[in-house]
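What follows is a single structure, written as structure tokens, with notes after it.
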Amino acid sequence: MSEPARILTVCTGNVCRSPYIERRLQHELDRAWGPGAVEVSSAGTGALVDAAMEPDALSRLGVAGGAGEDFRARAITRELVSDAQLVIVATRDHRGAVSRLYPRALSRIHALRDLAQLAEGVADDELPGRTSARAWLDEVVSLIASKRGLRPPLEPREADVVDPFRQGRDVFDTMSTQVEDALPQVLRVLGAGAGAGAGSR
């Protein structure tokens with residue numbers, strides 16, 4: 001089997017946003033590419049190391065079709081960033097923190113909601129041919145980076161996924177809604193949505 005594609009998701013504590021995004025992506029990408037073709041992991045810039053996923057995030061993940069009972073938080077490292085072909089962060093501040101850890105990765109680090117907006121600018125016929133998930137991701141990451149600056153960027157308040165840690169259930173609802181609203185376009189360019197493979201050669 002060829003080497004898997006690797007995606008890293010990042011937030012602060014690694015107990016709410018990034019594990020939710022991680023497990024949602026993993027679920028959908030396993031369905032699209034087959035188990036093992038894509039490895040999605042997560043970490044936190046101020047991780048609550050070894051902590052379980054927050055119950056309110058976990059319950060919403062279950063409703064959305066993911067599972068996280070076995071999840072344990074971990075701290076971000078330079079090696080995790082360098083190994084990832086794509087890094088998806090919860091906020092633009094996280095993008096800055098991750099890029100300072102490994103500056104060479106800057107072009108492949110995106111806040112989730114910024115990534116969804118950039119993905120909207122990728123036409124179905126621009127998507128790569130469906131070979132391996134790793135080759136697809138390499139091409140798509142470069143394609144997405146080329147879309148920067150072609151459309152007005154999101155306002156700061158629109159770009160970040162809200163942090164629900166130690167907040168009320170309504171904030172967890174907002175978090176999950178923000179993630180779920182962004183996922184269709186992100187999954188499409190990751191080969192797990194409508195139009196994926198339209199450019200097959």
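Numbering (our numbering) for the sequence shown: 1 to 201. Heads up, the beta-carbon is just placed ideally off N, CA and C, and yes, glycines get one too.
Here's the rule I'm using: 16 or more other beta-carbon atoms within 10 Å means buried, otherwise exposed. How should residue i be labelled?
i: R201; result: Only weak support exists for where R201 lies, its pLDDT of 31 falling under 50; the coordinates are left without a value.
i: R188; result: buried
i: A73; result: buried
i: L118; result: buried
i: T131; result: exposed
i: G34; result: exposed
i: L137; result: buried
i: V49; result: exposed
i: L183; result: buried
i: L150; result: exposed
Can you give me the C-alpha to C-alpha distance between residue i and residue j, rounded to a whole angstrom?
i: S82; j: Y102; result: 7 Å
i: L115; j: H94; result: 14 Å
i: A274; j: S2; result: Outside the modelled stretch of the chain, which goes from 1 to 201, sits residue 274, for which no answer is possible.
i: G96; j: C11; result: 12 Å
i: D70; j: A64; result: 17 Å
i: D181; j: Y20; result: 13 Å
i: E139; j: A32; result: 17 Å
i: A67; j: H110; result: 24 Å
i: G197; j: Q178; result: Note on G197: pLDDT 46, under 50, position unreliable in the model; no value is reported.
i: G199; j: G121; result: Residue placement at G199 is flagged as unreliable, the pLDDT there being 38, under the threshold of 50; the coordinate-derived value follows with that caveat. Answer to the nearest angstrom: the Cα atoms are 15 Å apart.
i: A47; j: R78; result: 14 Å
i: L29; j: G168; result: 30 Å
i: R148; j: L154; result: 12 Å
i: R123; j: G191; result: At residue 123 the sequence reads Ala, which differs from the Arg that was named. Each residue's alpha carbon lies about 13 Å from the other.
i: L8; j: V98; result: 11 Å
i: I144; j: R166; result: 34 Å
i: Q185; j: R113; result: 10 Å
i: L80; j: V141; result: 17 Å
i: S176; j: A57; result: 8 Å
i: F172; j: L61; result: 11 Å
i: R108; j: E22; result: 16 Å
i: P156; j: T91; result: 9 Å
Within 7 Å: the Cβ of residue i and any heavy atom of the ligand SAM?
i: D181; result: By its list of ligands, the structure shown contains no ligand whatsoever, and the ligand SAM lies outside what it can speak to.
Provide the residue(s) that pair with residue i in DSSP beta bridges, ordered along the chain.
i: V87; result: L8 and I109
i: A75; result: G44
i: E39; result: R6
Exercise. Does the pairing of the stretch 4 to 22 with the stretch 120 to 131 give three or more beta-carbon distances under 8 Å?
Worked result: no
For this session: Would you check if there are 3 or more beta carbon pairs closer than 8 Å linking the stretch 85 to 102 to the stretch 50 to 58?
Result: no
Problem set entry | Inter-stretch contact (C-beta, 8 Å, three-pair minimum) for the stretch 32 to 48 and the stretch 150 to 164 | Taking 8 Å as the limit for Cβ pairs, the verdict is that the stretch 150 to 164 does not touch the stretch 32 to 48.
Exercise. In the stretch 110 to 158, which residue ranges form an unbroken beta strand (DSSP E) of at least 3 residues, counting only runs that do not cross its ends?
Worked result: none
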